[in-house]
Amino acid sequence: MKRFSLFTLFILLISLACGQSGPVTPFSTRNPPASTQTMYGFFPSPPKVNLLSAVKHFKDLGQYGDFVLFQHNIPWADFVGGVDGESKSRSDIAGQESLARQNGLDSVYVVDALNGLNRREFKDLPAGWEASFANPNVRAAFANYTLWIVRTFHPYYLGLASEINTYMDAFPNDAANFVSLYKEVYAQVKAEAPDTQIFVTFQWDDLNNMWPQPEEGNRARLSPNWEQVEAFEPNLDLWAISSYPYFIFPSGKDIPTDYYSRLLARTDKPVAVAEGGWTTVSAGDIHATPEDQVAYLNAIHDQLGPRLAFWVYLLLNDLDMDSYASALGQPGVSQNDIIALSLFASLGLRELDGAPKPALEVWMSFRGQ
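Mapping of the sequence shown onto my numbering: residues 82 to 450, in sequence order.
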């Protein structure tokens with residue numbers, strides 16, 4: 082939901098840190114996680130936009146998590162012609178993987194064709210390309226980039242879209258094109274790496290119709306659009322969601338006791354939380370306290386815990402919005418995007434200075450530490 086320019090800045094910082102160039106050598110294959118073990122991780126977002134903050138952030142992530150979620154937008158022009166090649170995008174992504182491994186972190190990858198802040202649009206398509214999953218160039222670049230990720234980094238968990246139901250809501254006529262692309266790429270990956278666990282993520286609050294959506298006929302709240310999930314079956318190896326319920330419920334204690342567990346009643350496959358969180362700072366109509374954040378963590382754990390393959394909490398640390406606003410303003414990011422980011426800046430399990438919030442102890446107890 083909010084990765085839009087965080088990853089652009091993060092890639093820049095890490096490329097400076099690692100300084101890789103030239104062809105990328107495939108990384109070694111890790112052992113798969115134990116089937117009974119939940120992996121706990123974060124989206125890599127340093128509290129401040131500078132190199133020292135980014136490097137220290139990875140060390141901290143290694144202390145409080147098992148993995149990082151890498152969710153890059155597709156470098157369309159670099160991959161439309163094939164899988165192999167040399168490019169800055171390839172070197173930068175490899176640098177991030179190196180930094181993760183240096184700090185004892187595993188990696189989950191999500192291939193992302195869309196704008197993280199506005200899932201009604203593609204991200205950085207080359208000029209003249211039709212914004213459609215029927216576009217042969219889009220399909221070729223999507224498949225080639227995915228295969229490069231598989232061959233280079235060998236991820237055990239691999240997502241092929243993020244919050245895809247929001248795009249399906251906006252463009253129902255293009256939904257079938259994406260589903261067919263997903264199934265084609267799923268088969269290609271399985272032919273090369275049959276143990277890879279492949280999925281797309283669904284925005285759970287949207288899937289449950291928790292806010293008015295006239296384009297869908299304002300369907301009943303708490304009535305999931307299961308048909309959007311099941312359109313990908315039988316080619317989902319796990320069901321993965323994102324959720325930011327502080328936009329919906331007045332407090333963490335107001336999350337229904339079956340809000341997440343209905344997922345388990347619908348499928349017998351493993352499930353995952355691919356991103357989410359609860360802010361600790363009130364803003365406008367959003368009510369937030371540290372206790373709400375704890376209640377959110379407990380809701381996920383109590384309702385999904387036994388079946389969770391992995392769990393991504395969005396931020397380890399709160400973000401310094403002055404630092405981010407300054408950095409984001411340089412590439413010409415809109416003021417609306419910066420305001421939107423500020424609604425997520427206080428999701429961290431730690432304060433900006435690294436001081437733990439009460440939820441951090443809860444998170445670590447789930448990890449058995």
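Beta carbons: idealized from backbone N, C-alpha and C, even for Gly.
Take Arg-220, set aside five residues on each side of it, and the residues of its chain with a beta-carbon closer than 6 Å to its own are Leu-262, in chain order. Ile-155 is positioned such that its CB atom lies closer than 9 Å to that of Tyr-226. Here the alpha carbon of Ile-322 sits roughly 36 Å from the alpha carbon of Gly-103. If you draw a straight line from the Cα of Ser-342 to the Cα of Gln-309, it is about 18 Å long. When the five nearest sequence neighbours on each side are left out, the beta carbons in the same chain lying within less than 6 Å of the beta carbon of Ala-242 are those of Val-281, in order along the chain.
Using a Cβ distance threshold of 9 Å, Gly-163 and Asp-147 do not count as a contacting pair. Remark: C-beta atoms of Ala-346 and Ala-390 do not approach each other more closely than 9 Å. From the listed residues Ala-376, His-368, Leu-303, Ser-134, the smallest Cα separation to Lys-334 is found for Ala-376. About 17 Å separates the CB atoms of Glu-372 and Asp-399; that is not less than 8 Å, and the two are not in contact. When DSSP reads this structure, Gln-284 sits in a beta bridge with Ser-323.
Rounded to the nearest whole angstrom, the CA to CA distance from Leu-378 to Pro-305 is 21 Å. Taking a cut-off of 8 Å on C-beta distances, the stretch 125-135 does not touch the stretch 196-215, as fewer than three cross pairs fall below it. By the C-beta density criterion, Arg-302 is exposed, having fewer than 16 other C-beta atoms within 10 angstroms. Distance between Asn-290 and Ile-329, taken at the CA atoms: about 11 Å. Spatial neighbours of Arg-388 in its own chain (CB-CB distance under 7 Å, excluding positions within 5 residues in sequence) are listed in chain order as Leu-345, Pro-351, Val-352. Taking the C-beta atoms as reference points, Phe-313 is found nearer than 9 Å to Lys-264.
For Arg-431, DSSP records a beta bridge to Asn-398, Pro-437. About 6 Å separates the CB atoms of Gln-284 and Asn-246; that is less than 8 Å, so the two are in contact.
Taking a C-beta distance under 9 Å as the contact criterion, Leu-428 and Leu-395 qualify as a contact pair.
The DSSP assignment places complete alpha helix (DSSP H) segments of no fewer than 4 residues inside the stretch 245-311 at 245-251, 253-273, 285-288, 307-311, in order along the chain. Excluding sequence positions up to five before and after Thr-348, its CB lies within less than 6 Å of the CB of Trp-320, all in the same chain and listed in chain order. Residues of the same chain with a CB within less than 7 Å of the CB of Pro-114, apart from the 5 flanking positions on each side, are Met-120, Tyr-237 in chain order. Under DSSP, the beta-bridge partners assigned to Leu-239 are Tyr-190, Ile-279. In terms of Cα proximity to Glu-356, the closest of Pro-326, Gly-365, Ala-364 is Pro-326.
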